[in-house]
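A quick write-up on the structure given underneath.
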Amino acid sequence: MIPEPAPTVRELLAFYLEAGVDCALAEEPIDRLAEIVTPPPSPRAAPQAEAPRPVAAPAVMRGEAAPAPEVAIASAREAARTAPTLEALRELMQNFEGCALKHTATRLVFADGNPQARIMFVGEAPGRDEDIEGLPFVGRSGKLLDLMIGAIGLNRTTAYIANVIPWRPPGNRTPTPQETQICLPFIQRQIEVVNPDVLVTLGNPSTQTLLGTREGIMRTRGRWFDYDTGQRLIRALPTFHPAYLLRSPAYKRLAWQDLRSIAKALAGA
């Protein structure tokens with residue numbers, strides 16, 4: 002067998018960025034496996050009292066400690082309910098302290114696009130690029146999403162794009178159920194205010210969270226659902242997340258079928 006060539010520095014850096022390693026904790030590497038050899042005490046030396054060991058300071062995150070999940074969920078529901086506009090909702094979310102993800106993220110990723118659009122796309126959570134720019138879907142997944150919606154005559158001036166989770170989970174990990182439930186009232190209120198004719202859920206997490214289904218994306222994609230805002234029913238269609246299509250390009254054919262259904266629904270609305 003021919004051994005694979007060693008990765009270049011650029012390839013290693015790209016791998017680390019994809020894995021969520023985007024900051025250095027110290028300027029110099031620390032070998033924590035090296036043994037610390039303590040010289041034996043001199044037999045003639047007088048015994049000394051053992052110096053008190055320093056107590057490690059607890060890790061401090063930005064902002065105050067997050068409240069209990071049930072308290073945070075109730076607080077998010079009340080705050081979201083009182084937001085009359087998207088601007089007011091954004092400000093409430095900026096000041097909300099109930100989700101621990103806020104304290105590890107760089108910034109709030111609220112939304113992008115046209116609030117007056119007839120179609121709204123909702124993904125799961127922002128990644129590294131989104132965390133840096135403060136806009137959803139601006140990395141590789143975002144470029145593919147732009148191509149997908151462009152294929153049916155849409156762009157970011159004719160669509161509205163958001164995520165269920167507005168703060169990047171550390172290392173792009175999967176949000177916990179508690180984190181999702183805390184953030185859910187905000188995206189629900191966002192959908193109510195935008196009030197689109199068509200709602201597109203991108204991927205399994207946003208589909209299950211918003212449409213209340215336990216089925217996987219393979220069963221739900223391409224099927225129309227009713228999303229109830231409490232004031233009207235919005236037609237909702239799940240489809241694959243662009244990140245999944247980057248990993249599994251064979252499913253782009255099915256995604257194209259979903260996009261055609263979306264275009265037909267917009268034309269008939």
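When you line the sequence shown up against this note's numbering, it's residues 2 to 270, in that order. Backbone N, C-alpha and C define an ideal beta-carbon position, used for all residues, glycine too.
A73 is the residue among G135, L155, A73 whose C-alpha sits nearest the C-alpha of C100. Look at the stretch 96-183 and you find these whole runs of beta strand (DSSP E), each 3 residues long or longer: 120-124, 161-164.
By the neighbour-count definition (other C-beta atoms within 10 Å, threshold 16), P197 is a buried residue. Here F241 carries a coil assignment [DSSP, helix/strand/coil].
The beta carbons of L246 and Y252 sit closer together than 8 Å. Look at D229 here: in three-state DSSP terms it is strand. Boundaries of the beta strand (DSSP E) around T202: 199-203. Secondary structure of R215 (DSSP, three-state): coil.
DSSP, read as helix, strand or coil, puts R222 in coil.
It is roughly 21 Å from the alpha-carbon of E71 to the alpha-carbon of T105.
The way I'd put it, the stretch 187-202 does touch the stretch 111-123; three or more beta-carbon pairs between them come closer than 8 Å. For P70, the enclosing alpha helix (DSSP H) stretches over residues 70-82. For the options W257, P137, T175, P178, the alpha carbon positioned closest to that of I162 is the one of P137. Here M219 is exposed. Its C-beta has fewer than 16 other C-beta atoms within 10 Å. In the DSSP assignment, R236 is bridged to V199, D227.
In terms of Cα proximity to F241, the closest of R248, P250, A256, I235 is A256.
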